Amino acid sequence: MNNIKFSCDRVKLCEAISNVSKAVPSKSNMAALEGIKLSLNNDVLELTGYDLELGIRTTVEVNSTDKGELIVNSRLFSEIIRKMSSKEISIEIDEKLNITICGDATTYNISAIPANEYPDFPRINNEKYVEIPQYILRNMIEHTRHAVATNENKPILTGQLFDIEDNTFRMVAIDGFRLAVRVERIKEDEKFNFVVPSKALSEVSKILSKNDPVQSGQENTEKAKTEPKQELMCKIYQDTKHITFEISGYYVVSRLLTGEFHNYKASIPETFTTEVVIKTKDFIDSIERCSLLINEQTKCPIKCSFKEASVEVNCRTTLGKVNDSIEAEVNGEAIDIGLNSRFLLDALKACDSDKIRIQLQASNRPVKILPMIGDSFVFLLMPIQLKN
851 MNNIKFSCDR VKLCEAISNV SKAVPSKSNM AALEGIKLSL NNDVLELTGY
901 DLELGIRTTV EVNSTDKGEL IVNSRLFSEI IRKMSSKEIS IEIDEKLNIT
951 ICGDATTYNI SAIPANEYPD FPRINNEKYV EIPQYILRNM IEHTRHAVAT
1001 NENKPILTGQ LFDIEDNTFR MVAIDGFRLA VRVERIKEDE KFNFVVPSKA
1051 LSEVSKILSK NDPVQSGQEN TEKAKTEPKQ ELMCKIYQDT KHITFEISGY
1101 YVVSRLLTGE FHNYKASIPE TFTTEVVIKT KDFIDSIERC SLLINEQTKC
1151 PIKCSFKEAS VEVNCRTTLG KVNDSIEAEV NGEAIDIGLN SRFLLDALKA
1201 CDSDKIRIQL QASNRPVKIL PMIGDSFVFL LMPIQLKN
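Here is the structure:
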């Protein structure tokens, strides 16, 4: 490789390195995988991180007329750029892959390795894609991830299902004890069905914007009064083995999980004998009060008694006992049911609603949690048998 040189804004480069590094393993048998691949093409610097399962790629504008590729250690490069004090930095690489990084009075000299040692980044198939606002996709990921399986007994359940059909997008997670479904209406009449590793979606979520332009106050600005509100969109491309998310200049590629996902629709009860309307925050506060007596050594279900105009929450462990009661509208038969407090809290905290509906059939049947109107989310919890 011939000598190459470029200069750029330090903050922008630092941000790109930080995001791309999320796909770089801290340790690997391949030294190249512990690095970021830099590809310079005149005034565009492409950065790539890839651990053979998850890949992240983006570009940064630079000042250069050179071309070349190399691999630089991710951790070291990130720390150097982050610690530099100058607003702009210059980087020069000679034919022996020695790197000189300069900014103000600071100069670093480090080594790189040849770019040909880096694995091929998965090809992005951009012929067929789904488009969705970033804040909605982020919300769907965050509100279903709590139900993802954490053990590897059924690898397919360590991911989240993307079920898209008839202009409806359902994201689903299930771990055998609970189920979470988030539903959004989108403009897409083609059918998509695939499972993405939750680890990859966690990194996708960090890059996605969390702001709804309507809710973020954009409508209060003078400019927004005369111009239409712009939603930041995410494009999702799929092929047989990989999924690619295009997010504001970033491409995040993940290997898809293979196998038969659970038939979640058949698991959701359609009937109930009791329906409860309750304030979400009141219920969360009550469960958190009871959870003070529960830890790894004193695992115990909480007892929820749905009757008349209240929900009574009780718990007894070796640390003590607690009895609590909160107001609720209870329509139907009185039911006592045992639940895992952490699982219940996870579901309640994922509810985007001041009030929720809780539907019950019996003490040995799943608990179904829904919004007051519509079906934007459905959470199921399996009960725990209570000891007399």
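Residue numbers for the sequence shown follow the working numbering, so the first one is 851 and each next one is one higher. Glycine included, each C-beta is placed from N, C-alpha and C at the ideal position. Computed from a prediction, not measured in an experiment: that's the story for all the values here.
Counting along the chain, the unbroken alpha helix (DSSP H) around N989 starts and ends at Q984 to E992. Annotated as distal: V1161 and I1137, with beta-carbon spacing of 8 angstroms or more. In chain order, G1188, L1189, N1190, I1234 and L1236 place their CB closer than 7 angstroms to the CB of P1151, counting only its own chain and leaving out the 5 sequence neighbours on each side. Contact annotation, M1232 with I1206: C-beta distance approximately 18 angstroms; criterion of less than 8 angstroms not satisfied.
With fewer than 16 other Cβ atoms from the protein chains shown falling within 10 Å of its own Cβ, I1118 counts as exposed. The beta carbon of I854 sits closer than 8 angstroms to the beta carbons of L890, S914, D916, K917, G918, E942 and I943 from its chain, once the five residues preceding and following it are set aside; these are given in chain order. In terms of CA proximity to K1041, E1015 leads the group K1157, L1106, E1015 and M934. Here L895 is buried. Its C-beta has 16 or more other C-beta atoms within 10 Å. Per DSSP, the unbroken beta strand (DSSP E) holding V1217 starts and ends at V1217 to P1221. Along the region 905–951, the alpha helix (DSSP H) occurs as fully enclosed runs of 4 or more residues at 924–933, listed in sequence order. Contact between A1023 and R995 holds: CB atoms are separated by about 6 angstroms, below the 8 angstroms threshold. DSSP, read as helix, strand or coil, puts I1036 in coil. If you ignore the 5 residues before and after Q1209, its C-beta comes within less than 6 angstroms of the C-beta of F1122, E1125 and K1218, all in its own chain and listed in chain order.
Rounded to the nearest angstrom, the Cβ distance from A1197 to V1180 is 19 angstroms, too far for a contact under 8 angstroms. For E865, the enclosing alpha helix (DSSP H) starts and ends at R860 to V870. For T1130, the secondary structure class from DSSP, reduced to helix, strand or coil, is helix.
With contacts defined as CB atoms closer than 8 angstroms, S935 and G899 fail to qualify as a contacting pair. Straight through space, the alpha carbons of I1128 and I1093 are spaced by roughly 39 angstroms. K1085: member of the beta strand (DSSP E) spanning M1083 to Q1088, first to last residue. For R1192, the enclosing alpha helix (DSSP H) covers residues S1191 to K1199. Given a length threshold of 3 residues, each whole run of the beta strand (DSSP E) inside the region 1138–1190 is given here in chain order: 1152–1157, 1160–1167, 1170–1177, 1179–1182 and 1185–1189. Inter-residue distance for I951 and T908 is about 21 angstroms (C-alpha atoms, whole angstroms). The criterion of a C-beta distance shorter than 8 angstroms is satisfied by I921 and G885.
Rounded to whole angstroms, the Cβ separation of P983 and L902 is 31 angstroms, and the two are not in contact under 8 angstroms. Per DSSP, the unbroken beta strand (DSSP E) holding Y900 starts and ends at V894 to Y900. DSSP, read as helix, strand or coil, puts I1057 in helix. The criterion of a C-beta distance shorter than 8 angstroms is satisfied by R1028 and F1193. A distance below 8 angstroms separates the beta carbons of F1111 and L1011.
At a Cβ-Cβ threshold of 8 angstroms, S876 and V912 do not count as neighbours. Per the C-alpha coordinates, the member of I949, A965 and P964 positioned closest to Y958 is I949. Within its own chain, the residues whose Cβ lies closer than 8 angstroms to the Cβ of D1039, once the five positions on either side in sequence are excluded, are D1016 and N1017, listed in chain order.
One thing to note: F1044 has its Cβ within 8 angstroms of the Cβ of L1106. For I974, the secondary structure class from DSSP, reduced to helix, strand or coil, is coil. In this structure, V1046 places its C-beta atom within 8 angstroms of the C-beta atom of G1009.
When I963, D954 and N1113 are compared, the shortest CA-CA separation from E945 is found for I963. Of the residues D1225, Q1211 and A1200, the one whose Cα lies closest to the Cα of I991 is A1200.
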